[in-house]
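Taking this note's numbering, the leading residue of the sequence shown gets 570, the next gets one more, and so forth. Everything on this sheet refers to the single structure shown next.
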Amino acid sequence: MSLKKTMHKSNSGNSIRKRAKELDCLYAFSSLVVKNNITVNEILQGTIDLIPPSSRYPEITSARIILEDQIYKTKNFKESIWKQTSDIVVYGKSRGTFEVCYKESFLNEEKELINVIAERLGRIIERKKTEEALRESEKRFRDLVENSLTGIFILQDSEIVYNNPEQKRHFSRLSRSFKLMDFKGIHPDDVEMVKQNYQKIVSGEVRTLDISFRFYPLGKSDNKLDRKWVCCRISLIEYLGKEAILFNMMDVTRSKEMERLLKIKDKMTSLGRVTAGIAHEIRNPLSGINIYLNTLEKIYDKTDSPEKVKTIIEQLKSASNKIESVIKRVMDFSKPSEPRLLLSEINHPVEEAINLSSATFQKSDIKIEKTLSKNLPQFYFDPHFIEQAILNLMTNAAEAMKNMDGNKKIIIQTYIEDNRIFISVADSGPGVPSSLKDRIFDPFFTTKNDSSGIGLSICHRIITDHGGSLGVFDSKWGGAEFKIELPLERRKKQR
């Protein structure tokens, strides 16, 4: 074999071995970058460590990557005048360099491999940065949604595909196959309105609309104290490539209640001004009537036959006293005094109210039953006002059962729940029609001919002045149940 052929064969063998090393390097590089959860730092350091073994002369080869302010290098790296360099380009700009150094002079045969790896590193860094930015964006979005005070859920193909914690607090936990129109908790008066608006979204007539409605959370009874108001924005969106319906819900129960109380307060203020004027105009001539009646009574006491006249006078006095009583109640209503808060236990005024009324109720064959929780915590309230409210509610219950036959009873209960004190006054009477439940606390509203319509309004004002609430419900004894809810104030409020 000639020398020329021998050299050609040797060069071919070296070329094959060189190409094999390059392919091994590229394969190892590809295997490195596809590992799950591998970071950019790990990829860069792993790439550097692959270079010396892939070189034709590994014992004299070292490598370094400089990327922005970070440096990655082999353990044996040392600066050299014999080196090859390739730029690492990310998003069209040079962000770093890929250097391979040798301890002595070398051939430029490995330049192509260095360029290929540098170019691929640039693309990988781009992809990793994009993935990291996407993860950070998703995390920011999820943190915002998961901690939002707005309840959010997405309905797609009649299934809930997402709901955040605030939404679960609103409705409690909903089944995945939840259907809004099958939800039994929507207030009966709002069902038709919700259906009509929901259909507008489903049909595509509108893409976004806002509605407000009342509902009862899952597992709660048809109880005014459990009822919530929600302001809901419903929107058609695209979610994971398919059409879906997005619900944004905000609990506005407190705002609605405050709005209702403000309306009542405005009504009371207006009525108070009117009634104060009426009371003033009536009271002056009424005082004169009483003076004349007393004088007339004294004159006729000296006659021989005063009986008939005295009877008339007594009737006039009785009528006058009734007018005076009504005026006093109207004046009390128009200028309510502030509660005098004392640290006390709620059962004390309840017991006082029961003791004061028990004898009267016995004459009417009304039985009083009481279940008062023991060891209730003391808190700040006005015992006199609370006693007055309980007496009014008991009197109202007795009046409702006045013309009834059979079992007549009033049931009084006290208990604590969710750091709030509850007082229940229930009866076995005819109850309150649903159509009147939202009106019976309005000033001067009454269904009785001989009532001023102030009693329940005064009760309502007393309880709201304590920061509580008063509602009417159907009792399990067939009549009405008035439920008082009071906050457990541990400290005396400054008024």
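Here a beta-carbon is modelled for each residue, glycine too, at the ideal position from N, C-alpha and C.
query: Ile1009 and Val994 closer than 7 Å at C-beta; result: no
query: Where the alpha helix (DSSP H) containing Tyr767 begins and where it ends; result: Val760 to Val771
query: Spatial neighbours of Ser781 in its chain, beta-carbon cut-off 6 Å, leaving aside the 5 residues before and after; result: Cys800
query: Short Cβ contact (7 Å threshold) for Thr798 with Val763; result: As written in the sequence, residue 798 is Trp, which differs from the Thr given in the question. The answer is no: Cβ separation not under 7 Å.
query: Cross-strand partners of Ala813 (DSSP beta bridge); result: Ile806
query: Alpha carbon of Ile693 to alpha carbon of Ile634, nearest angstrom; result: 14 Å
query: Top-ranked residue by Cα proximity to Phe1042, from Val1001, Leu911, Val658 and Asp974; result: Val1001
query: Cβ contact (3+ pairs, closer than 8 Å) linking the segment 683-701 and the segment 645-665; result: yes
query: Pairwise C-alpha distance: Gln725 and Gly810; result: 11 Å
query: Met963 - DSSP class collapsed to helix/strand/coil; result: helix
query: Length of the line joining the Cα atoms of Glu807 and Glu637; result: 39 Å
query: Backbone CA spacing between Gln931 and Leu718 [nearest angstrom]; result: 53 Å
query: Distance CB(Lys644)-CB(Ser623) smaller than 7 Å; result: no
query: Buried or exposed by the 16-neighbour rule on C-beta atoms within 10 Å, applied to Val669; result: buried
query: Near the ligand NAP: Asn733 beta-carbon under 6 Å from a heavy atom; result: Here there are no bound small molecules, and the ligand NAP is not part of this structure.
query: Pick from Asp779, Arg738 and Cys594 that is closest to Leu815, judged by C-alpha positions; result: Asp779
query: Buried or exposed (CB count within 10 angstroms, at least 16 for buried), Met818; result: buried
query: Inter-residue Cα distance where the pair is Trp651 and Glu715; result: 57 Å
query: Extent of the continuous beta strand (DSSP E) to which Gln982 belongs; result: Lys978 to Glu986
query: From Leu855, Pro1056 and Ile770, residue whose alpha carbon lies closest to that of Ile892; result: Leu855
query: Expected contact under 8 Å - CB spacing of Ser942 and Ile985 to nearest Å; result: 7 Å
query: Beta-carbon spacing of Leu1057, Ile990 below 7 Å; result: yes
query: Where Thr616 sits in the DSSP three-state scheme; result: helix
query: Alpha-carbon spacing of Val730 relative to Leu619, whole angstroms; result: 46 Å
query: Ala958 and Cys1028 closer than 7 Å at C-beta; result: yes
query: Under 7 Å between C-beta atoms of Ile1032 and Thr983; result: no
query: Residue-level contact to chain C via CB, Asp656, 7 Å cutoff; result: The displayed structure is made up of one protein chain only, and chain C is not part of it.
query: Helix, strand or coil at Gln653 according to DSSP, with G and I counted as helix; result: strand
query: Close Cβ partners of Lys573 (< 6 Å) along its chain, the five nearest in sequence each way excluded; result: Per-residue confidence for Lys573 stands at a pLDDT of 41, beneath the threshold of 50, marking its modelled position as unreliable; no derived number is given.
query: Residue of Glu876, Ile723, Lys977 and Leu831 minimising C-alpha distance to Glu812; result: Ile723
query: Beta carbon of Tyr641 nearer than 7 Å to that of Ile617; result: yes
query: Inter-residue spacing [alpha-carbon to alpha-carbon] between Met973 and Gly998; result: 8 Å
query: Ser993 - partner residues in DSSP beta bridges; result: Gln982 and Lys1052
query: Counterpart residues of Leu1025 in DSSP-defined beta bridges; result: According to DSSP, which records beta bridges pairwise, Leu1025 is partnered with nothing at all.
query: Reduced DSSP category for Val685 - H, G, I as helix; E, B as strand; rest coil; result: helix
query: Test item: CB-CB of Ser631 and Phe646 under 7 Å; result: yes
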